[in-house]
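*Asks:* Below you'll find the structure I mean.
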Amino acid sequence: MNVFRLLGDVSHLVAIIILFLKIFRSKSCAGISGKSQVLFALVFTTRYLDLFTSFISIYNTVMKVVFLVLSYATVYLIYLRFRSSYDSESDTFRVEFLLVPVAGLSFLENYDFTPIEILWTFSIYLESVAILPQLFMITKTGEAESITTHYLFFLGLYRALYLANWVWRYHTEGFFDQIAVVSGVVQTIFYCDFFYLYVTKVLKGNSKLTLP
Amino acid sequence: DEAVPTKDEL
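Pasting the structure below:
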């Protein structure tokens, strides 16, 4: 474990908690893409199948359980508890355009052609594009509440910190996971446009992000 | 299949 990965995991946890609390306390999921949240729940489900078979550390197990519980709880809030506030007309990204290529690629490019490894690869590829429905929804509505932008900031920051973690691990222990690194770079690039808007608009104290 | 990197990350 290194400081970059720890800060990355904390940033990821903060993002997930920010979103969950925003929906739970405002009793509304307006402006939130339910599709992205379903994709994230799928990412955790296909990645953490080894939850009961391989024990890494208490931290690893606890964080996996927390991520799984909070992601499914968020999907529950959006599609069941506060479904009247779910803006399905704006959440129109065709997720099949993500799932099919990601599934195909995970069969073609993986470390080992076994179910558990292909599902892990699927989760890595899927995570890199899972935010697209949410970013698409913001461009479509032309705005986002500031709390939603803070969620996106910490979510984007987490994988950027993981890139630093992989640089650190490469130089200190020769660790290199090509599939995770390439996907992580792609994932972080998708946030660059948002990061620019976040820094130039939201941090200037605007109540919410309105796209030009 | 090349060696599978350890999966100790979240």
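If you're matching them up, the sequences are chains A and B in order. So for the first sequence, our numbering puts the first residue at 8; every next one is plus one. So for the second sequence, our numbering puts the first residue at 871; every next one is plus one. Cβ atoms here follow ideal geometry from the backbone N, Cα and C, with glycine treated the same way.
Just reading off the beta strand (DSSP E) that Thr217/A is part of, what are its end residues?
*Replies:* For Thr217/A, the enclosing beta strand (DSSP E) stretches over residues 215-217.
*Asks:* Can you give the Cα-Cα distance for Leu159/A and Ser92/A, rounded to whole angstroms?
*Replies:* Near 20 Å, if we compare the C-alpha coordinates of Ser92/A and Leu159/A.
*Asks:* How is Glu7/A classed by DSSP in three states: helix, strand or coil?
*Replies:* The question about residue 7/A has no answer here: the residues shown for chain A are numbered 8 through 219.
*Asks:* The alpha helix (DSSP H) that contains Ala187/A, what's its start and end?
*Replies:* 185-207
*Asks:* I want to verify the contact list: residues of chain B whose CB lies under 9 Å from the CB of Asn67/A, in sequence order.
*Replies:* Asp878, Glu879, Leu880
*Asks:* When the cut-off is 8 Å and only beta carbons count, does Phe182/A lie next to chain B?
*Replies:* yes
*Asks:* Can you find a CB in chain B that lies within less than 8 Å of the CB of Met144/A?
*Replies:* no
*Asks:* Out of Phe51/A, Ile154/A, Val206/A, which has the shortest C-alpha to C-alpha gap to Phe129/A?
*Replies:* Phe51/A
*Asks:* Which term fits Asn213/A, buried or exposed, when burial requires 16 or more other beta carbons within 10 angstroms of its beta carbon?
*Replies:* Answer is exposed; the Cβ neighbour count stays below 16.
*Asks:* Using 8 Å as the cut-off, can you tell me whether the segment 123-138 of chain A makes contact with the segment 52-59 of chain A, which would need three or more C-beta pairs spanning the two stretches below that distance?
*Replies:* yes
*Asks:* Which runs of the beta strand (DSSP E) spanning at least 3 residues fall entirely within the segment 102-168 of chain A, listed in chain order?
*Replies:* 150-152
*Asks:* When the Cβ atoms of the segment 31-47 of chain A are set against those of the segment 93-106 of chain A, are three or more pairs found closer than 8 Å?
*Replies:* Counting C-beta pairs closer than 8 Å gives three or more between the segment 31-47 of chain A and the segment 93-106 of chain A, which meets the contact rule.
*Asks:* At which residues does the alpha helix (DSSP H) containing Phe11/A begin and terminate?
*Replies:* Annotation for Phe11/A: the continuous alpha helix (DSSP H) segment containing it runs 10-33.
*Asks:* Across the segment 161-170 of chain A and the segment 191-207 of chain A, are there enough close Cβ pairs to call them in contact, namely three or more that are closer than 8 Å?
*Replies:* Short answer: they touch.
*Asks:* Residues of the segment 69-89 of chain A with a CB closer than 9 Å to any CB of chain B: list them in chain order, please.
*Replies:* Met70, Lys71, Phe74
*Asks:* Taking all protein chains shown into account, do 16 or more other C-beta atoms lie within 10 angstroms of the C-beta of Val109/A, making it buried, or fewer, making it exposed?
*Replies:* With 16 or more Cβ atoms within 10 Å of its Cβ, Val109/A is classed as buried.
*Asks:* Run down chain B in chain order and give the residues with a C-beta less than 7 Å from the C-beta of Glu234/A.
*Replies:* As shown, chain A starts at 8 and ends at 219. That puts residue 234/A outside it, with no answer to give.
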